[in-house]
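K.L.:
In our numbering, the protein residues as written are 691 to 855.
One structure, as structure tokens, below. Some questions next.
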């Protein structure tokens, strides 16, 4: 939701993170603006290791995310795309399947993926959201990478404590 109350996260530090971005080319003016805002925010958060891959459209985003996840070198991934409602059912198919695919990759690989594939009724809605959603995706990726790192450290510490007793 545009201008939603997202709460406040702790100060984010992405300097040691490796982030991957998959950007759909379809509706390229919008996805380029998403990518520009996303990369600028990642850099502002200290991320210097960023890989950026382009794919034809939103339906191709999940398979590229999966290929990146299989490399096991990323702390988080980001999905960028734009699906604008047309006159046919195709909008629902692309929106639902791309979203489900992104979630499936995240869960299958236990890897945070910030989903910034816009689904809008028209071009005007996409334009209004492109910059904010690009920035949001960067912040979500960095925050979730840090959370997952903390959770992994907590689990490792708990495991070590059980082995030493």
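Beta carbons are placed, not taken as given, at the ideal position from N, Cα and C, and that holds for glycine.
Roughly how many whole angstroms lie between the Cα atoms of residue 811 and residue 713?
P.N.:
Position 121 of the chain shown, counting from 1, holds the residue named residue 811. Position 23 of the chain shown, counting from 1, holds the residue named residue 713. The alpha-carbon atoms of residue 811 and residue 713 are separated by roughly 20 Å.
K.L.:
Under 8 Å by Cβ, that's how I've got residue 773 and residue 813 pegged, so tell me the actual separation to the nearest angstrom.
P.N.:
In the chain shown, the residue the question calls residue 773 occupies position 83. In the chain shown, the residue the question calls residue 813 occupies position 123. The pair is not a contact, with the Cβ atoms about 12 Å apart (cut-off 8 Å).
K.L.:
Restricting to Cα atoms, I'd like to know which of 794, 736, 762, 719 is closest to residue 771.
P.N.:
As a first step, residue 771 is located in the chain shown; it is residue number 81 there, counting from the start. Cα-wise, what sits closest to residue 771 is 719.
K.L.:
Would you call the region 752-761 in contact with the region 716-731, where contact means no fewer than 3 C-beta pairs closer than 8 Å?
P.N.:
Too few Cβ pairs lie closer than 8 Å, so no.
K.L.:
Rounded to a whole number of angstroms, what is the C-alpha to C-alpha distance between residue 784 and residue 790?
P.N.:
Taking the first residue of the chain shown as position 1, residue 784 is located at position 94. Taking the first residue of the chain shown as position 1, residue 790 is located at position 100. Using only the alpha carbons, I get a separation of about 10 Å.
K.L.:
First and last residue of the alpha helix (DSSP H) that includes residue 736?
P.N.:
Against the chain shown, residue 736 aligns to sequence position 46. Neither: residue 736 is in no alpha helix (DSSP H) and is coded neither H nor E.
K.L.:
Among 709, 704, 702, which residue has its Cα nearest to the Cα of residue 801?
P.N.:
By one-based count along the chain shown, residue 801 stands at place 111. Out of 709, 704, 702, 709 has the C-alpha closest to the C-alpha of residue 801.
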